[in-house]
Structure formats: structure tokens, C-alpha cells
Amino acid sequence: MGGPKSRGDKPLDRVENMFEMLNRAKLLKDTQFILCVLPEKKSDIYGPWKKKCLCDFGIVTQCIYPSTINDRYLTNVLLKINSKLGGINSLLAIEDSMKIPLIKDTPTMILGMGVSLGFPGRSDIPSVAAVVGSLYWPHISRYRASVRAQSPKEEMIDALYNPLANGKDDGMMRKLEDFCHTSNGNKPKHIIVFRNGVAESQFSKVLNVEVEQILKAYQDHFKSEVDIPKFTVIVAQKDRHTKLFQDISPENVPSGTVVDTEIVHPRNYDFYLCAHASMTGTSRPAHYHILLDEIGFSPDELQNLIHALSYVNQRSTTAIRTVAPLRYANLAARQMGQFMKFEDNLSEISSGQVVLRLLAIAASVLRLTTTVSCGAECFLTVL
Numbered sequence: 001m002g003g004p005k006s007r008g009d010k011p012l013d014r015v016e017n018m019f020e021m022l023n024r025a026k027l028l029k030d031t032q033f034i035l036c037v038l039p040e041k042k043s044d045i046y047g048p049w050k051k052k053c054l055c056d057f058g059i060v061t062q063c064i065y066p067s068t069i070n071d072r073y074l075t076n077v078l079l080k081i082n083s084k085l086g087g088i089n090s091l092l093a094i095e096d097s098m099k100i101p102l103i104k105d106t107p108t109m110i111l112g113m114g115v116s117l118g119f120p121g122r123s124d125i126p127s128v129a130a131v132v133g134s135l136y137w138p139h140i141s142r143y144r145a146s147v148r149a150q151s152p153k154e155e156m157i158d159a160l161y162n163p164l165a166n167g168k169d170d171g172m173m174r175k176l177e178d179f180c181h182t183s184n185g186n187k188p189k190h191i192i193v194f195r196n197g198v199a200e201s202q203f204s205k206v207l208n209v210e211v212e213q214i215l216k217a218y219q220d221h222f223k224s225e226v227d228i229p230k231f232t233v234i235v236a237q238k239d240r241h242t243k244l245f246q247d248i249s250p251e252n253v254p255s256g257t258v259v260d261t262e263i264v265h266p267r268n269y270d271f272y273l274c275a276h277a278s279m280t281g282t283s284r285p286a287h288y289h290i291l292l293d294e295i296g297f298s299p300d301e302l303q304n305l306i307h308a309l310s311y312v313n314q315r316s317t318t319a320i321r322t323v324a325p326l327r328y329a330n331l332a333a334r335q336m337g338q339f340m341k342f343e344d345n346l347s348e349i350s351s352g353q354v355v356l357r358l359l360a361i362a363a364s365v366l367r368l369t370t371t372v373s374c375g376a377e378c379f380l381t382v383l
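Residues 1 to 383 (full-length UniProt numbering) are what the sequence shown spells out, left to right.
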């Protein structure tokens with residue numbers, strides 16, 4: 001992308017020129033996927049290119065910078081491409097056998113939620129909220145995401161439920177429709193919510209603001225105030241100051257190590273889980289706080305489920321530090337951030353104009369075609 005003659009142009013102009021060439025060559029008709037070779041690793045056309053493909057055409061893309069071609073690099077690229085096109089790279093044995101406790105018998109939706117607070121040093125940039133929801137119950141490996149821009153520095157997600165004047169809900173929990181559509185018409189009777197990026201002082205807001213919105217969206221969508229789902233709400237924190245060691249070996253603790261005594265809260269329900277095996281250095285555990293458990297998991301059942309969810313990230317062949325739904329939510333928010341980051345001339349306009357322009361970008365994301373939302377890891381979808 002971007003030959004020598006165009007390298008001096010602005011990124012947006014270069015991307016527009018590329019699409020003019022593709023249009024003239026009639027290469028965009030019915031195109032569902034584009035593999036993009038970048039001229040450099042941190043190319044300034046990455047954001048504009050992704051925005052143009054997703055927002056204007058609904059085309060899934062994969063960008064590569066093949067400075068070093070080896071088996072590991074090619075494996076990672078192919079994992080991404082396959083998952084973006086709707087493929088499944090791995091499936092847990094417990095999914096295939098449908099033996100996940102309390103999930104196999106009851107339609108269960110798993111949510112991952114997070115908020116990105118904009119650019120460092122800029123207080124006028126909208127926050128980006130991202131929510132991913134599981135599909136194809138009783139499987140726990142496939143997800144679809146929604147993103148929204150919201151008020152700058154707003155840490156709570158405020159658009160999970162957004163009733164309009166015509167009585168319809170325009171909130172992010174419209175993904176309830178996706179769950180029903182892919183789960184043989186079953187509506188979720190259990191909802192497991194994973195939330196990251198919140199401090200202990202905000203735990204009550206997660207329950208009283210965000211979970212309350214999810215409940216209202218559920219009642220509105222299914223037109224029922226009696227038949228309501230049971231919730232399990234979990235906050236994941238990356239505690240950088242906590243490390244786990246073996247007392248008889250200098251090696252890292254084994255993958256799947258749980259600590260739920262001694263160093264945990266004396267009254268609250270929390271535990272540390274080291275799901276992954278670090279390639280270098282000391283493995284750091286994730287700290288999980290269970291704010292609500294109406295579903296009624298035993299400690300072992302919940303810890304095993306969270307450990308299993310650390311293995312279903314379609315971009316990885318091993319466990320990751322936190323559960324895959326939270327990783328997907330982070331990637332979705334970061335993708336929206338790329339659209340904003342490379343928007344031209346943000347530093348030259350007023351704060352109010354910045355917000356309006358970036359909200360316009362968010363609105364264009366809402367118009368994405370349904371082809372983008374077909375895969376396991378297509379992060380920006382129709383809301």
C-alpha cells in the first residue's frame with residue numbers, strides 16, 4: 001500500500017486514491033476480504049484504511065508487515081484471517097461434549113465489557129465503550145462486538161439500554177437478538193458479565209448502573225418483567241504488583257493456578273488465577289472479583305469456567321492472562337480508537353468540534369453492513 005509517488009500525501013488522501021483505483025478496476029464488487037501489505041510496521045495509513053474498509057464498504061481486512069517471514073508469523077496471521085472470516089481455530093473439549101456446569105442445561109450468554117478513555121493528554125476525546133456477547137449456545141468460543149463513543153472520561157458504559165421516542169431500544173444490548181438467532185431461538189436465562197478497567201470504589205456502579213441497563217434491555221426486548229435472567233457479575237483486574245511463586249522451584253507456577261486464601265479480601269468473594277504460562281519473566285495472575293452470583297456457581301465451577309474462557313481466544317493457541325471476552329472488548333475499543341487517532345487535523349480544531357467529528361465517526365460505524373458481523377472476531381458490528 002502506498003507507492004513512492006504517494007508517500008508524501010496525507011494518509012486520508014492516499015487511502016482515497018487507493019479506493020479510486022480499486023473502483024476503476026471494479027475490484028470492490030462483492031469483495032468480502034482484503035489482505036493489505038503495509039509499507040512499514042507503524043504505518044500512518046492503518047487507521048484510515050481500516051475505517052474506510054469497515055465503515056464505508058463493510059469489508060473485513062487483515063494488514064501485514066512481513067519484515068520477517070517465519071512459521072510463527074504466518075500462523076498468527078492465518079489465525080486472525082480465519083477467525084475474521086467466521087472460522088473457528090479451536091474448540092474446547094468441554095464445549096464439544098457440552099459438559100460445562102450450569103451452562104450446558106440453561107441458555108447462557110457471556111458478556112465482556114470495557115471502556116477506553118481516549119488519548120493521553122486530551123480531555124476532549126470521547127471515551128469508547130465496547131461490549132462483546134457470546135453466540136451459539138452452549139458453545140463459549142464465538143463472540144460478536146458492539147462499540148459506542150460516549151462522553152470524554154466517562155468510565156461507566158451509558159448506552160447498554162437506550163430507549164428511543166418510538167419505543168425501540170437503540171442500545172448496545174440489542175445483541176440479545178444475535179444470541180437468540182444463533183442459539184435456536186433460545187433467550188438467555190443466565191447472563192455472565194465480565195467487566196474490566198474499574199476500581200473497587202466503582203463496583204457498586206457496575207451493578208447499579210450497567211447491570212441495571214442490561215436488565216432493562218432484556219425486559220424491553222422480550223416484553224417481560226417477570227421472566228428475568230439470573231446474573232453472575234465478575235470484575236477482572238490486572239494486578240501488576242502481585243506475583244505468584246513456587247516455594248520449591250524457581251519456575252513459574254503452573255498454568256491454571258488459583259489462590260483464593262491468605263492474600264484475598266477477608267469478606268468479599270475474590271481470587272487470583274494465573275491462567276497462562278509466561279514466555280519470559282514471571283507470570284502475573286489476574287484478580288477476579290465476584291460482585292454477584294445469582295446463577296449459583298460453586299467456587300470450583302466458576303474458577304474452571306474462567307480458566308476455560310482463557311483458552312478460547314481465537315488469536316492464540318495458548319491461554320491468555322484474562323478471559324477472551326475481555327480481550328475481544330479491548331480489541332474492539334482499540335479498533336475504534338484507531339479510527340479516531342488518525343482522523344485528520346484533530347489538533348487544529350476546537351474541543352467541541354473534536355467531539356462532534358469523532359461522534360460522527362462513531363455514527364458511521366453504526367452503519368456497517370451485516371457482512372462484517374458474521375465472524376467470531378469481527379469487532380465492529382451493526383448496533
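C-beta atoms are modelled at their ideal positions from N, C-alpha and C, and glycine is treated no differently.
I'd like to confirm the pairing. Which residues does DSSP put opposite residue i in its beta bridges?
i      : result
Pro163 : Asp169
Phe33  : Val60
Phe297 : Phe297 pairs with nothing; no bridge assigned.
Asp270 : His289
Ser67  : Paired residue(s): none; Ser67 is not in a bridge.
For residue i, count neighbouring C-beta atoms within 10 Å of its own C-beta (all shown protein chains included) and say buried if the count is 16 or more, exposed if not.
i           : result
Ser201      : exposed
residue 388 : Look at the range of the chain in this structure, 1 to 383, and you will see that residue 388 is not part of it.
Ala217      : buried
Val211      : buried
Gly337      : buried
His287      : buried
Thr261      : exposed
Glu20       : exposed
Phe297      : buried
Met98       : exposed
Phe245      : exposed
Ser151      : exposed
Gly167      : exposed
Ala333      : buried
Gly185      : exposed
residue 391 : With the chain represented from 1 up to 383, any question about residue 391 goes unanswered, as that position is not in the structure.
Ile192      : buried
Ser123      : exposed
Please identify the residue among the options whose C-alpha is closest to the C-alpha of residue i.
i           : options                        : result
Thr280      : Val253, Asn184, Pro107         : Val253
Leu207      : Arg240, Asp293, Ala329         : Asp293
Met109      : Leu78, Gly133, Ile234, Ser90   : Gly133
Ser249      : Val226, Arg240, Thr282, Asn268 : Thr282
residue 415 : Ala130, Val147, Lys189, Asp220 : Because residue 415 is not part of the residues shown, which for the chain are 1 to 383, the question remains open.
Val312      : Leu35, Asn184, Tyr328          : Tyr328
Ser204      : Val233, Ser310, Thr31          : Val233
Asn196      : Tyr73, Thr322, Asp158          : Thr322
Cys274      : Ile295, Ser310, Phe231         : Ser310
Val147      : Pro188, Thr75, Ser116          : Ser116
Leu38       : Ser83, Thr31, Gly47            : Gly47
Gln314      : Leu85, Lys104, Ser224, Ile125  : Leu85
Lys243      : Ser278, Asn268, Val209, Ile214 : Ser278
Asp44       : Asp9, Leu35, Val77             : Asp9
Phe57       : Asn268, Phe33, Ala159          : Phe33
Lys51       : Ser316, Pro11, Gln237          : Pro11
Asn82       : Ala324, Gln335, Leu326, Ser316 : Ser316
Glu16       : Cys53, Thr31, Lys41            : Cys53
Phe222      : Arg240, Phe179, Gly256, Lys153 : Phe179
Ala308      : Lys42, Thr75, Ile100, Arg72    : Ile100
Gly112      : Asn330, Leu79, Phe339          : Asn330
From which residue to which residue does the alpha helix (DSSP H) around residue i run?
i      : result
Ser83  : 71-84
Leu12  : 11-24
Ala217 : 212-222
Ala93  : 93-96
Gly47  : 46-51
Give the range of the beta strand (DSSP E) segment to which residue i is assigned.
i      : result
Thr257 : 257-259
Lys230 : 230-237
Cys180 : From DSSP, Cys180 is part of no beta strand (DSSP E) but of the alpha helix (DSSP H) over 176-182.
Leu291 : 286-293
Gly185 : Gly185 -> no beta strand (DSSP E), and no H or E assigned at all.
His190 : 190-196
Gln150 : 143-150
Ala199 : Neither: Ala199 is in no beta strand (DSSP E) and is coded neither H nor E.
Met113 : 108-116
Ala130 : 127-134
Report, in whole angstroms, the separation of the C-beta atoms of residue i and residue j, which I expect to be a contact under 8 Å.
i      : j      : result
Val235 : Val259 : Not a contact, Cβ separation roughly 17 Å.
His276 : Thr318 : 7 Å
Glu95  : Ile140 : 6 Å
Tyr136 : Arg144 : With 8 Å as the limit, Tyr136 and Arg144 do not qualify as a contact, their Cβ atoms being about 10 Å apart.
His190 : Thr106 : 5 Å
Ile295 : Leu102 : 6 Å
Tyr272 : Pro285 : 4 Å
Kindly examine the ligand COA and report whether one of its heavy atoms sits closer than 7 Å to the Cβ of residue i.
i     : result
Pro48 : With respect to small molecules bound, the structure shown includes none, and the ligand COA cannot be examined in it.
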